[in-house]
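A.B. asks: Could you have a look at this structure, given as structure tokens, before my questions?
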Amino acid sequence: MDLGVNIIGAYHSSFGKLEGETLYTLYEKAAKGALHDAEIEATAIDGVFVGNYSGGAFNRQENIASYGVNAIPELRHKPMYRTETACSSGSSAIHMAIMAIKSGMMKRVLVVGLEKMTDLDIAGVTEALALATYWPEEGSKSVTAPCMFADLAKGWMRKYNYSEEQLRPWLAKISAKAYSNAAENPLAQLQKAKSAEDILSLSDEKNPIIYKPLRLHDCSLVSDGAASLVLEDASLSNRNAVAIKSFYSAADYLDSFGKHKSDYFLEGAAFAVDKALKGAGISIEDINLAEVHDCFTITELLLYSAMGIAPAGREFEALESGKVFPDGELPVNLSGGLKAKGHPIGATGVGMHAYIYKQLMQQAWGHQVKDAQTGLVVNIGGSGTSNAVSVMACN
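Written out as structure tokens, the structure is:
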């Protein structure tokens with residue numbers, strides 16, 4: 001199946017602590033940046049979709065979508081919508097934009113993902129992120145994201161009879177891969193490569209336990225940033241472009257792992273990957289690179305089985321074989337991922353799509369996969385609650 005929707009332009013800010021930026025400047029630069037890259041005027045846009053987790057919690061600004069008019073007055077009276085599905089908010093905005101084009105009501109759409117997180121201290125960020133949990137039973141009782149994904153790691157170890165001493169080197173390899181890849185990406189938040197041995201040798205003071213068994217270097221970053229895309233009906237395209245061949249978004253229970261859903265396998269992600277690949281008429285063996293949701297190193301590890309590139313319980317084989325490294329059969333998170341490129345929540349999914357787009361256009365930021373033709377995005381919101389997957393390919 002071909003959706004008949006192309007990406008014709010993309011923008012990606014630097015990710016990190018962007019002290020000179022606001023939510024509003026990030027929005028404006030992203031909107032103008034994608035239009036510039038697509039070489040079209042704002043008047044050609046039929047609608048705007050904005051992925052933003054919580055401008056209210058982070059910046060005291062909800063209703064952010066309509067700021068597109070302030071940023072670009074030529075967009076006045078265009079429909080503008082905001083999507084929120086926690087860390088997959090940006091991918092949800094893209095999926096909603098695709099549906100708008102497929103409905104026939106829009107032909108060309110601007111998608112912006114953005115978040116400005118560093119205006120808050122760590123306690124404030126933690127409180128804001130807790131709003132993405134099932135509040136009555138989790139957020140209000142101080143259950144945080146590290147708690148939930150630590151439970152996933154514990155469940156996996158318990159299910160397959162692994163010790164923390166066995167798990168640590170595999171997680172360190174994922175973290176080191178992220179750091180090394182980000183060091184090649186000029187837009188990444190962290191620019192210093194580290195080896196797995198470097199990470200494993202760090203003291204408890206420099207790599208403290210955040211929530212056992214997860215340590216500091218297992219966690220993604222608090223970041224500011226924005227990314228954007230221009231999507232259009234393929235019938236309008238008379239240029240080189242990248243097609244979104246298929247997508248799927250699988251919702252799951254809002255509460256954490258182990259109550260209603262597995263605490264050792266990412267069921268929603270696996271379901272969404274399977275549906276998206278089948279929708280594109282291909283298998284995982286046909287994918288040339290992937291950007292996946294490494295909010296914690298354990299998440300990437302378990303996505304290897306959800307994607308079908310390693311057996312459940314032996315996900316580490318994708319690392320030990322070299323398959324997911326830059327020169328492997330299926331490089332994963334060449335951008336540095338959320339772990340090292342950065343994780344401005346609403347921008348994350350759009351940034352993942354923008355990165356794959358530039359790879360397939362042979363214009364990569366950082367590592368370039370030679371002759372890449374297909375790419376996969378796997379973006380998760382909450383505790384495997386929202387699972388947004390896209391398959392992209394050169395036309």
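Position 346 of the sequence shown, counting from 1, maps to 346 under the numbering used here, and the rest follow consecutively. Ideal placement from N, C-alpha and C gives every residue a C-beta, glycine not left out. On a predicted model such as this, the values are computed, not experimentally measured, just so you know.
(1) Distance, Cα to Cα, T25 vs A10?
(2) The alpha helix (DSSP H) that contains G47, what's its start and end?
(3) For K116, list the residues DSSP reports as bridge partners.
(4) What's the gap between the Cα of K154 and the Cα of I210?
(5) Using DSSP with H/G/I as helix, E/B as strand and the rest coil, what is A10?
(6) Contact check, E417 vs D255 under 8 Å by CB: the rounded distance?
(7) Closest to A31 by CA distance: which of I45, L338 and S249 is it?
(8) Applying the criterion that 16 or more other CB atoms from any shown protein chain within 10 Å of the CB defines a buried residue, is D224 buried or exposed?
(9) Near L171, what residues of its chain come up, given a Cβ to Cβ distance below 6 Å and the 5 sequence neighbours on each side ignored?
(10) For M96, name the three-state secondary structure that DSSP assigns.
(11) Could you check if A318 is buried or exposed, using at least 16 other CB atoms within 10 Å of its CB as the buried criterion?
(12) Using the C-alpha atoms, what's the distance from N63 back to T133?
(13) Alpha carbon to alpha carbon, how far is N70 from A270?
(14) If you draw a straight line from the C-alpha of R76 to the C-alpha of R108, how long is it?
(15) Might you give, ordered along the chain, the residues of its own chain that have their beta carbon closer than 7 Å to the beta carbon of V222, omitting 5 neighbours on each side?
(16) How would you call N333, buried or exposed, if buried means at least 16 neighbouring beta carbons within 10 angstroms?
(17) V242: which of C87, A65, A178 and V391 sits nearest, CA to CA?
(18) Leaving out five residues on either side along the sequence, give the residues of the same chain with a beta carbon under 6 Å from the beta carbon of A193.
(19) Relative to the alpha-carbon of Y53, which residue among F257, L131, E84 and L216 has its alpha-carbon at the smallest distance?
(20) Counting only runs of 4+ residues fully inside the stretch 240-280, write out the alpha helix (DSSP H) ranges in chain order.
(21) Cutting at 8 Å between CB atoms, please list the residues of its own chain near A86, excluding the five before and the five after it.
(22) In terms of alpha-carbon separation, which member of Y357, P208 and L214 lies closest to T144?
(23) Would you mind working out which of F58, G328 and A128 sits nearest S140, comparing C-alpha positions?
(24) So, with DSSP's three-state summary, where would you put Y211?
(25) Exposed or buried, what is M148 when buried is set at 16 or more other beta-carbons lying within 10 Å of its beta-carbon?
(26) Grab me the residues of S237's own chain with a C-beta within less than 6 Å of its C-beta, minus the 5 sequence neighbours each way, in chain order.
(27) Could you check the C-alpha separation between E315 and G322 for me, to the nearest Å?
C.D. replies: From the atom records:
(1) Roughly 17 Å separates the two Cα atoms.
(2) Run containing G47: none in the alpha helix (DSSP H); it sits in the beta strand (DSSP E), G47 to G51.
(3) The beta-bridge partner set that DSSP reports for K116 consists of D224.
(4) CA-to-CA, the gap between K154 and I210 works out to about 14 Å.
(5) In this structure, A10 counts as strand in the three-state DSSP scheme.
(6) The requested residue 417 is not part of the displayed model; the chain covers only 1 to 395.
(7) Answer by Cα proximity: I45.
(8) If you draw a 10 Å sphere on the C-beta of D224, you find 16 or more other C-beta atoms in it, and that means buried.
(9) Counting only residues of its own chain and dropping the five nearest sequence neighbours on each side, L171 has a CB closer than 6 Å to the CB of D218 and T297.
(10) Three-state DSSP puts M96 in a helix.
(11) By the neighbour-count criterion, in which a residue is buried when 16 or more other Cβ atoms sit within 10 angstroms of its Cβ, A318 is buried.
(12) Straight-line measurement puts the Cα of N63 at about 22 Å from the Cα of T133.
(13) When rounded, the distance between both Cα atoms is 40 Å.
(14) For R76 and R108, the distance between alpha carbons rounds to 16 Å.
(15) The residues are M117, T118 and V125.
(16) Under this definition N333 is a buried residue.
(17) Looking only at C87, A65, A178 and V391, the smallest Cα-Cα distance to V242 is reached by V391.
(18) If we look at A193 and ignore the five residues flanking it on each side, its Cβ neighbours are Y179, S180 and A183.
(19) Nearest C-alpha to Y53: E84.
(20) Within the stretch 240-280, the complete alpha helix (DSSP H) segments of 4 residues or longer fall at 267-280, listed in chain order.
(21) Excluding five sequence positions before and after A86, the CB atoms of its chain that fall closer than 8 Å to its own CB belong to Y53, A132, I345, G381, G382, T385 and S386, given in chain order.
(22) Measuring from the Cα of T144, the nearest candidate turns out to be L214.
(23) For S140, the nearest C-alpha among the options comes from A128.
(24) In the structure shown, the three-state DSSP call for Y211 is strand.
(25) Burial check for M148: the Cβ neighbour count within 10 Å reaches 16 or more, so the residue is buried.
(26) These residues qualify, in order along the chain: N6.
(27) Rounded to whole angstroms, E315 and G322 show a C-alpha spacing of 12 Å.
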